[in-house]
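What follows is a single structure, written as structure tokens, with notes after it.
Here you go:
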């Protein structure tokens with residue numbers, strides 16, 4: 001973040017004062033070496049707003065993470081103590097463990113489900129359009145409201161159903177169960193996020209030429225073999241994109257937890273994002289800012305690793 | 318990628334689980350396609366995972382308080398339509414609706430205008446450091462998760478008097494700008510420069526070229542960006558909840574949250590309210606589903 005903004009700042013004067021250094025390919029027809037100032041006016045207001053509303057808060061946040069600011073009143077610099085304390089705070093560490101386990105599980109389940117749906121939709125089924133319409137409905141609904149609906153299903157309908165079936169272990173709400181609540185969150189997240197991943201897989205499956213399968217048929221390869229040896233390698237790029245986009249999104253999960261458990265029971269399902277937001281009301285503003293900075297560094301590290309992975313695979317984003 | 322390619326059976330083959338009985342006949346694409354009924358049945362059953370919760374929501378919304386209980390899956394008889402009127406009044410639906418509509422409309426317009434302008438300027442001046450640098454800078458937002466900036470951001474917007482729906486619009490537009498610009502730039506590059514040059518010969522300014530030539534040509538991408546912006550804004554919970562100080566100006570998802578206490582004693586009222594909040598996007602989607610899916614698909618292919 002800070003690195004890229006510095007790049008932009010140094011690039012700005014260079015571009016303005018020295019336009020002749022640029023090559024002439026896309027200049028206006030009037031002159032090959034000067035640029036119509038209109039182009040700057042198209043970009044500058046947005047850049048200014050972006051710097052003000054996105055970059056500035058990020059820098060302010062880093063600044064306050066080095067203080068003991070409670071969100072109000074006086075503050076003073078305390079160096080890195082916030083950071084040191086975070087590593088000793090079981091509540092924060094637990095939220096990281098929960099968030100990573102949740103994000104990993106959800107990424108796997110979402111991709112398996114989405115790939116299965118995409119394969120089904122891409123096959124020779126009847127009423128394709130109608131079935132497709134139904135599968136993509138969750139994409140247009142508010143995650144929070146969906147969670148409220150599932151909240152009732154999990155805490156009232158499911159226990160009643162289980163009791164009738166005589167399966168007592170699940171006759172109480174799984175949302176109130178410290179060890180099971182996270183599974184409910186995974187399920188609702190999958191329900192909500194699968195359509196988005198399915199679309200990407202559909203795009204991938206449709207990019208595979210049918211001749212490939214015809215050749216495989218001639219060679220006598222069965223369906224499952226074709227899927228493993230042909231389809232999967234050919235759509236690997238789409239899988240990588242889905243895993244990257246999904247994992248990053250699930251790390252920041254918030255609404256669905258708010259709608260289902262509110263972080264409970266106890267603190268069993270509190271995500272990192274929820275912890276950070278608690279700094280707004282909890283009086284530990286600077287402490288949670290330090291948490292946010294650590295969270296940022298972790299996501300950045302993951303992004304860098306993922307970008308490397310993409311480059312090695314030669315996938316274009 | 319258009320709607321027609323979406324619905325077309327592009328590769329003529331197999332999902333897993335498919336018996337290879339029809340293997341011989343299926344190869345010639347002339348024969349049209351042979352329906353796989355087993356798979357169709359499987360997909361229909363699977364689609365219940367989506368339909369059941371929706372059915373449940375509708376059923377609950379139509380119940381009177383004494384019909385609630387059990388699994389909640391039974392269809393109410395008689396149906397209690399007054400729940401909607403009650404929820405309409407209780408949550409002050411029109412006000413929340415207008416607030417949500419305000420945020421959504423301006424976020425969509427802002428996203429379309431800002432992202433396309435920026436993308437055009439950057440794509441046409443790619444050889445200049447300033448524009449390449451701007452691109453990298455805007456893209457950096459993709460690496461900053463919202464939780465990281467949210468606390469200082471809220472303080473900042475509150476100081477500026479932007480703790481209202483207008484402030485949310487700013488953040489929706491700026492938050493989406495990296496992704497939207499990325500989508501637009503690829504598209505602008507595919508528009509030949511010669512098209513603009515002839516217009517410039519006739520004396521058109523850069524603004525006019527953008528407005529009269531480029532923007533209309535961007536129509537397919539405008540649809541994609543518009544759909545993403547619409548869904549993102551309408552359904553957003555985090556930013557309105559954190560930013561909008563006055564509960565009277567809150568958007569529909571946040572209102573559902575604010576009324577949880579009240580809803581807990583009256584579930585049918587709650588579900589009627591949920592349904593009314595979900596209805597607009599659901600109706601738009603069902604009416605324009607072909608169009609919406611092809612738009613989203615274009616974003617996915619990018």
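Chains as they are written, first to last, in the numbering used here: chain A, 1 to 317; chain B, 318 to 619. We put the beta carbon where it would ideally sit given N, CA and C, even for glycine. Remember, it's a predicted structure, so these values are computed and weren't measured experimentally.
Pair within 9 Å by beta-carbon distance, residue i and residue j
i, j, result
"residue 147(A)", "residue 258(A)", "yes"
"residue 442(B)", "residue 589(B)", "no"
"residue 553(B)", "residue 568(B)", "yes"
"residue 252(A)", "residue 272(A)", "yes"
"residue 231(A)", "residue 205(A)", "yes"
"residue 469(B)", "residue 561(B)", "no"
"residue 136(A)", "residue 602(B)", "yes"
"residue 572(B)", "residue 594(B)", "yes"
"residue 173(A)", "residue 150(A)", "no"
"residue 365(B)", "residue 120(A)", "no"
"residue 295(A)", "residue 465(B)", "yes"
"residue 496(B)", "residue 545(B)", "yes"
"residue 314(B)", "residue 371(B)", "This structure cannot speak to residue 314(B), because chain B is shown only from 318 to 619."
"residue 45(A)", "residue 138(A)", "no"
"residue 599(B)", "residue 131(A)", "no"
"residue 277(A)", "residue 559(B)", "yes"
"residue 216(A)", "residue 229(A)", "yes"
"residue 486(B)", "residue 419(B)", "yes"
Rounded straight-line distance, which links the Cα of residue j to that of residue i
i, j, result
"residue 178(A)", "residue 268(A)", "6 Å"
"residue 424(B)", "residue 550(B)", "7 Å"
"residue 25(A)", "residue 34(A)", "Low per-residue confidence applies at residue 25(A): pLDDT is 42, beneath 50, and the placement is therefore not dependable enough to give any value."
"residue 83(A)", "residue 576(B)", "37 Å"
"residue 187(A)", "residue 109(A)", "9 Å"
"residue 69(A)", "residue 303(A)", "30 Å"
"residue 274(A)", "residue 254(A)", "6 Å"
"residue 307(A)", "residue 298(A)", "14 Å"
"residue 506(B)", "residue 534(B)", "12 Å"
"residue 162(A)", "residue 409(B)", "37 Å"
"residue 388(B)", "residue 158(A)", "7 Å"
"residue 417(B)", "residue 427(B)", "15 Å"
"residue 311(A)", "residue 566(B)", "46 Å"
"residue 457(B)", "residue 112(A)", "30 Å"
"residue 607(B)", "residue 211(A)", "27 Å"
"residue 101(A)", "residue 261(A)", "17 Å"
"residue 233(A)", "residue 189(A)", "27 Å"
"residue 480(B)", "residue 471(B)", "8 Å"
"residue 557(B)", "residue 489(B)", "10 Å"
"residue 184(A)", "residue 134(A)", "22 Å"
Residue i: contacting residues in chain A (beta-carbon distance under 9 Å)
i, result
"residue 584(B)", "152, 156"
"residue 570(B)", "142, 143, 144, 145, 255"
DSSP beta-bridge partners of residue i
i, result
"residue 77(A)", "67(A)"
Under 8 Å by beta carbon: chain A residues contacting residue i
i, result
"residue 439(B)", "43"
"residue 370(B)", "146, 149, 150, 153, 191"
"residue 594(B)", "142, 145"
"residue 591(B)", "145, 148, 149"
"residue 424(B)", "Per Cβ cutoff of 8 Å: no residues; residue 424(B) is ~14 Å from chain A at best."
"residue 478(B)", "Within 8 Å Cβ-Cβ: nothing; residue 478(B) doesn't reach chain A, min ~14 Å."
7 Å Cβ cut-off: residues of chain B touching residue i
i, result
"residue 273(A)", "464"
"residue 257(A)", "Near residue 257(A) there are no residues of chain B at all, since even the closest Cβ is about 11 Å away, more than 7 Å."
"residue 233(A)", "In chain order: nothing, as chain B lies at least about 14 Å away."
"residue 289(A)", "468"
"residue 285(A)", "468"
"residue 296(A)", "461, 462, 465"
Residues that residue i contacts on chain A, provided the C-beta gap is smaller than 7 Å
i, result
"residue 606(B)", "133"
"residue 524(B)", "38"
"residue 353(B)", "123, 124, 125"
"residue 613(B)", "199"
"residue 502(B)", "The premise fails here: residue 502(B) is roughly 12 Å from chain A at the closest Cβ pair, so nothing lies under 7 Å."
Residue i: contacting residues in chain B (beta-carbon distance under 8 Å)
i, result
"residue 112(A)", "Chain B residues near residue 112(A): none, gap ~12 Å exceeds 8 Å."
"residue 279(A)", "468"
Partner residues on chain B for residue i, Cβ-Cβ distance less than 9 Å
i, result
"residue 108(A)", "Those do not exist, as residue 108(A) stays about 18 Å from chain B at its closest Cβ, beyond 9 Å."
"residue 299(A)", "460, 461, 462, 465"
"residue 47(A)", "435, 451, 454, 455"
Margin query: Going residue by residue through the region 451 to 481 of chain B, where are the continuous alpha helix (DSSP H) segments of at least 4 residues, counting only ones entirely within it?
Written below: Runs found: 463 to 476.
Notebook entry, point to check: Where are the alpha helix (DSSP H) runs, 4 residues long or more, that stay fully inside the region 525 to 593 of chain B, in chain order?
Noted result: Correct list: 536 to 552, 555 to 560, 569 to 575, 577 to 580.
Next item on the list: List in chain order: all unbroken alpha helix (DSSP H) runs of 4+ residues lying wholly within the region 135 to 160 of chain A.
Entry: 143 to 152
Check: Can you list the alpha helix (DSSP H) stretches of 4 or more residues lying completely in the region 390 to 442 of chain B, in chain order?
Finding: Inside the region 390 to 442 of chain B, DSSP marks whole alpha helix (DSSP H) runs of 4 or more residues at positions 399 to 407, 410 to 441, from first to last along the chain.
Item checked: Segments of 4+ residues assigned as alpha helix (DSSP H) that fall wholly inside the region 174 to 221 of chain A -> 181 to 206, 210 to 218
Note to self: If we require 4 or more residues per run, which alpha helix (DSSP H) segments fall completely within the region 258 to 299 of chain A?
What the structure shows: 272 to 278
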